[in-house]
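2 protein chains.
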Amino acid sequence: MKKESANPSQGQLEKLNEVRDGFIAQWGAFGSQWGINRTMAQIHALLMIGTNALSTDEVMETLGISRGNAHTNLKELVGWGLVRIIVRKGERKEFFEAEKDVWKIFTIILRERQRREIDPALELLRDCQEETKKLKGTEAEAFRNQVKELEQFVSFARNIGGKVGKLSYGPAMKLAAKVLG
Amino acid sequence: MKKESANPSQGQLEKLNEVRDGFIAQWGAFGSQWGINRTMAQIHALLMIGTNALSTDEVMETLGISRGNAHTNLKELVGWGLVRIIVRKGERKEFFEAEKDVWKIFTIILRERQRREIDPALELLRDCQEETKKLKGTEAEAFRNQVKELEQFVSFARNIGGKVGKLSYGPAMKLAAKVLG
DNA sequence: CTATATTTTCAGTATTTACTGAAATAGATG
DNA sequence: CATCTATTTCAGTAAATACTGAAAATATAG
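Sequences listed follow chains A and B, in order. Under numbering that gives the first Met the number 0, the first residue of the first sequence carries the number 0, and numbering increases by one thereafter. Under numbering that gives the first Met the number 0, the first residue of the second sequence carries the number 0, and numbering increases by one thereafter.
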């Protein structure tokens with residue numbers, strides 16, 4: 000008979016995989032609500048909760064997805080800076096490893112969303128003001144004014160986000176303490 | 000010959016409509032990147048930049064969409080609290096009016112996303128910790144630990160968001176000044 | 001250079017998500 | 001209660017998005 004020990008039993012391994020699979024599936028679902036592709040979120044979850052870097056084939060197999068899909072989304076994650084490519088000497092394959100530090104993950108996502116989504120939105124808001132600068136009438140003024148308010152708020156928020164994103168964990172916590180008073 | 004005045008000329012009205020249409024279209028595109036349905040974002044933009052409340056028919060007509068689509072998305076916006084229903088006496092139709100105060104818009108979106116997306120994610124993270132509490136082994140520990148870190152961070156951020164969302168404009172700006180200090 | 005392993009691309013297809021239009025329901029009016 | 005107006009629902013369809021699988025490109029080793 001097997002003795003109880005620090006090593007997991009068969010049942011425990013099964014349980015772990017069950018919970019992990021559930022986590023990955025759910026995380027994928029959350030991702031798609033946030034405008035992130037489901038598979039990308041799943042791969043990110045998979046790499047984040049595992050102990051070692053995985054190859055494309057391992058990702059394909061674990062999630063049951065095609066090579067093309069795995070490849071595209073892995074590279075997309077690398078593009079975000081959330082995943083790094085690891086090359087092991089003697090091995091020809093690439094392996095993929097996720098950033099695990101939650102604060103780093105947060106700042107990366109913050110910066111990337113600023114760059115990809117906030118900045119273009121600000122540009123639109125500024126263009127709209129510029130284009131209607133000389134127009135007269137109630138309607139035109141209402142439009143210009145609302146757009147201006149939006150622009151001021153977004154660029155203000157962006158500013159705060161920018162500062163926060165540059166902080167490292169310690170200083171960020173000190174700042175948070177102030178906010179939480 | 001028409002004299003120049005505070006009233007907009009024909010050309011100005013055209014220009015205004017052109018810029019407004021561009022704004023609405025672009026805002027819709029941004030919305031879909033953020034996991035918000037395009038039409039809903041467009042209707043929100045339309046109501047936000049206009050001077051008066053619009054009926055379902057006016058929304059349909061302006062955006063060139065079906066009644067069902069207009070109806071569903073208007074009610075969804077009402078569900079978010081970003082749009083109010085106006086009933087004019089003597090009129091049988093409902094009219095829709097958007098919240099225009101940017102700080103209010105921000106706090107509404109903050110609260111709703113917390114409720115709809117962050118809270119369920121936190122629940123998942125907590126469940127995963129609970130379910131794996133007793134499992135032994137390196138893999139299990141890595142999983143539990145990463146999930147714990149995520150949970151701590153998200154619930155911490157949620158906390159800050161919660162406080163900020165409860166502030167009104169003035170105090171929020173004072174707080175922001177500290178952060179930007 | 002040839003053989004082999006790995007990555008990348010992408011046309012075709014599947015899945016998901018959003019929209020239409022019309023029918024059903026609800027509300028008001030005389 | 002018959003009629004008219006407005007709202008709501010939803011089956012069917014359209015559009016957007018994501019995925020597959022295989023072929024092409026690239027890299028490595030002998």
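By construction, the Cβ of each residue, glycine as well, lies at the ideal position given by its N, Cα and C atoms.
Q | Neighbour flag for isoleucine 23(B) against chain A, beta carbons, 8 Å | A | Your numbering for residue 23(B) matches position 24 in the second sequence. Answer no: the Cβ-Cβ gap between isoleucine 23(B) and chain A never drops below 8 Å.
Q: Could you tell me the boundaries of the alpha helix (DSSP H) in which glutamate 60(A) lies?
A: Within the first sequence, residue 60(A) is the residue found at index 61, counting from 1. It spans 55 to 62 - the alpha helix (DSSP H) in which glutamate 60(A) sits, taken as one unbroken run.
Q: Would you kindly work out how many angstroms separate the C-alpha atoms of serine 4(B) and threonine 50(B), rounded to a whole number?
A: As a position in the second sequence, residue 4(B) is number 5, starting the count at 1. As a position in the second sequence, residue 50(B) is number 51, starting the count at 1. Because serine 4(B) carries a pLDDT of 49, less than 50, the predicted location of this residue cannot be relied on, and the following value inherits that uncertainty. Between serine 4(B) and threonine 50(B), the C-alpha separation is close to 21 Å.
Q: Indicate the three-state DSSP secondary structure (helix, strand or coil) for asparagine 72(B) in the structure shown.
A: Against the second sequence, residue 72(B) aligns to sequence position 73. It is helical.
Q: Answer with buried or exposed for isoleucine 159(B), where buried requires no fewer than 16 other C-beta atoms within 10 angstroms of its C-beta.
A: Start at 1 with the first residue of the second sequence, and residue 159(B) comes out as number 160. Per the 10 Å Cβ criterion, exposed.
(Q) Any contact between the region 97 to 113 of chain B and the region 19 to 31 of chain A? By contact I mean 3 or more CB pairs, one from each, below 8 Å. (A) no
**Q.** Proximal residues of chain B, C-beta to C-beta of tryptophan 79(A) below 8 Å
**A.** The residue you call residue 79(A) lines up with position 80 of the first sequence. Ordered by position in chain B, no residue passes the 8 Å Cβ test against tryptophan 79(A), which lies about 14 Å from the chain.
**Q.** Delimiting residues of the beta strand (DSSP E) encompassing isoleucine 85(A)
**A.** Counted from its first residue, the first sequence places residue 85(A) at position 86. Unbroken beta strand (DSSP E) run through isoleucine 85(A): 82 to 86.
Q: Kindly provide the ranges of any alpha helix (DSSP H) runs that are 4 or more residues long and lie completely inside the region 82 to 121 of chain B, ordered along the chain.
A: 101 to 112
Q.
Tell me which residues of the region 98 to 109 of chain B have at least one Cβ-Cβ distance to chain A shorter than 9 Å, keeping chain order.
A. Lys99, Asp100, Val101, Trp102, Ile104 and Phe105
Q | Proximity to glycine 78(B) [Cα-Cα], best of Glu98(B), Arg87(B), Ser54(B) and Ile64(B) | A | Counting from 1 along the second sequence, the entry for residue 78(B) is found at position 79. Among Glu98(B), Arg87(B), Ser54(B) and Ile64(B), the Cα nearest to that of glycine 78(B) belongs to Glu98(B).
Q) Taking just the CA atoms, how far does asparagine 68(B) sit from isoleucine 84(B)? A) Within the second sequence, the letter at position 85 stands for residue 84(B). Within the second sequence, the letter at position 69 stands for residue 68(B). Going from the Cα of isoleucine 84(B) to the Cα of asparagine 68(B) covers about 17 Å.
Q. What do you reckon, are the CB atoms on glutamate 93(A) and methionine 39(A) nearer than 8 Å?
A. For this step, residue 93(A) is matched to residue 94 along the first sequence. For this step, residue 39(A) is matched to residue 40 along the first sequence. Not closer than 8 Å, so no.
Q: With DSSP collapsed to three states, give me the class of asparagine 144(B).
A: For the purposes of this step, residue 144(B) is taken as the residue at position 145 of the second sequence. Of the three classes helix, strand and coil, the one that applies to asparagine 144(B) here is helix, per DSSP.
Q: Give the secondary structure of glycine 180(B) by DSSP, where H, G and I count as helix, E and B as strand, and everything else as coil.
A: If you number the second sequence from 1, residue 180(B) lands on position 181. DSSP places glycine 180(B) in coil when its eight states are reduced to three.
Q | Chain-ordered residues of the region 112 to 130 of chain A with a beta carbon less than 7 Å from chain B | A | Glu116, Ala120, Leu123, Cys127 and Glu130
Q. Does the beta-carbon distance from isoleucine 23(A) to alanine 44(A) come in below 8 Å?
A. For the purposes of this step, residue 23(A) is taken as the residue at position 24 of the first sequence. For the purposes of this step, residue 44(A) is taken as the residue at position 45 of the first sequence. Taking 8 Å as the Cβ cut-off, isoleucine 23(A) and alanine 44(A) qualify as a contacting pair.
Q: Would you list, in chain order, the members of the region 87 to 98 of chain A that have their beta-carbon closer than 9 Å to a beta-carbon of chain B?
A: none
Q. Do the CB positions of phenylalanine 142(A) and leucine 15(B) come within less than 8 Å of each other?
A. The residue labelled residue 142(A) in the question sits at position 143 within the first sequence. The residue labelled residue 15(B) in the question sits at position 16 within the second sequence. Yes.
Q: Give, in chain order, every residue of the region 39 to 61 of chain B whose Cβ lies closer than 8 Å to some Cβ of chain A.
A: Met47, Ile48, Gly49 and Thr50
Q. Going along chain A, which residues have a C-beta under 7 Å from glutamate 13(B)?
A. Taking the second sequence and counting its residues from 1, the one referred to as residue 13(B) is at position 14. Under the 7 Å cutoff, chain A gives no residues; its nearest Cβ is about 10 Å from glutamate 13(B).
Q: Report back the beta-carbon spacing between serine 145(A) and isoleucine 48(B) to the nearest angstrom; my notes put them in contact at under 8 Å.
A: On the first sequence, position 146 is the one that residue 145(A) refers to. On the second sequence, position 49 is the one that residue 48(B) refers to. Note on residue identity: the sequence assigns glutamine, not serine, to residue 145(A). About 5 Å separates the two Cβ atoms, so the contact holds.
Q | Range covered by the alpha helix (DSSP H) that runs through isoleucine 23(B) | A | Within the second sequence, numbered from 1, the residue matching residue 23(B) stands at position 24. That run of the alpha helix (DSSP H) goes 9 to 32.
Q | For valine 86(A) and serine 54(A), the rounded distance between their alpha carbons | A | Position 55 of the first sequence, counted from the first residue, corresponds to residue 54(A). Position 87 of the first sequence, counted from the first residue, corresponds to residue 86(A). Their Cα atoms are separated by approximately 10 Å.
Q: Sort Lys147(A), Val58(A), Glu129(A) and Ala28(A) by Cα distance to leucine 119(B) and report the nearest one.
A: As a position in the second sequence, residue 119(B) is number 120, starting the count at 1. What sits at residue 119(B) in the sequence shown is proline, not leucine. Proline 119(B) has its Cα closest to that of Ala28(A), out of Lys147(A), Val58(A), Glu129(A) and Ala28(A).
Q) glycine 164(A) versus chain B: which residues are under 7 Å apart at the beta carbon? A) Counting from one through the first sequence, the residue named residue 164(A) turns up at place 165. The contacting residues do not exist; glycine 164(A) stays about 12 Å from chain B at best.
Q: Assuming isoleucine 35(A) contacts leucine 62(A) (C-beta within less than 8 Å), just tell me the rounded distance between them.
A: Counting from one through the first sequence, the residue named residue 35(A) turns up at place 36. Counting from one through the first sequence, the residue named residue 62(A) turns up at place 63. Going by Cβ atoms, the distance from isoleucine 35(A) to leucine 62(A) rounds to 15 Å, so no, they are not a contact pair.
(Q) Please state the DSSP three-state secondary structure of alanine 175(B). (A) Within the second sequence, the letter at position 176 stands for residue 175(B). Alanine 175(B): helix per DSSP, three-state reduction.
**Q.** Integer-rounded CB distance, given that glutamine 113(B) should sit under 8 Å from arginine 157(B)
**A.** Within the second sequence, residue 157(B) is the residue found at index 158, counting from 1. Within the second sequence, residue 113(B) is the residue found at index 114, counting from 1. Their Cβ separation, rounded to whole angstroms, is 6 Å, which keeps arginine 157(B) and glutamine 113(B) in contact under 8 Å.
Q) Quick one: what does DSSP say threonine 50(A) is sitting in, helix, strand or coil? A) On the first sequence, residue 50(A) is found 51 positions in, with the first residue counted as 1. Coil, per DSSP.
(Q) When you compare the CB of proline 170(B) with every CB in chain A, is at least one pair closer than 8 Å? (A) Here residue 170(B) corresponds to residue number 171 of the second sequence, with the count starting at 1. Taking Cβ atoms only, chain A never reaches closer than 8 Å to proline 170(B), which makes this a no.
Q | Length of the line joining the Cα atoms of glutamate 57(A) and arginine 66(A) | A | As a working note, residue 57(A) is residue 58 in the first sequence. As a working note, residue 66(A) is residue 67 in the first sequence. Roughly 10 Å separates the two Cα atoms.
Q | Chain-order list of residues whose beta-carbon lies under 6 Å from that of serine 31(B) (same chain, five-residue window excluded) | A | Taking the first residue of the second sequence as position 1, residue 31(B) is located at position 32. These residues qualify, in order along the chain: Arg37.
Q) Quick one: is leucine 179(B) buried, meaning 16 or more other Cβ sit within 10 Å of its Cβ, or exposed? A) Locating residue 179(B) in the second sequence gives position 180, counting from the first residue. Under this definition leucine 179(B) is an exposed residue.
(Q) Just to make sure I have the definition right: I need the residues of chain A whose C-beta is within less than 9 Å of the C-beta of asparagine 6(B). Which are they? (A) Within the second sequence, residue 6(B) is the residue found at index 7, counting from 1. Result: Lys135 and Gly136.
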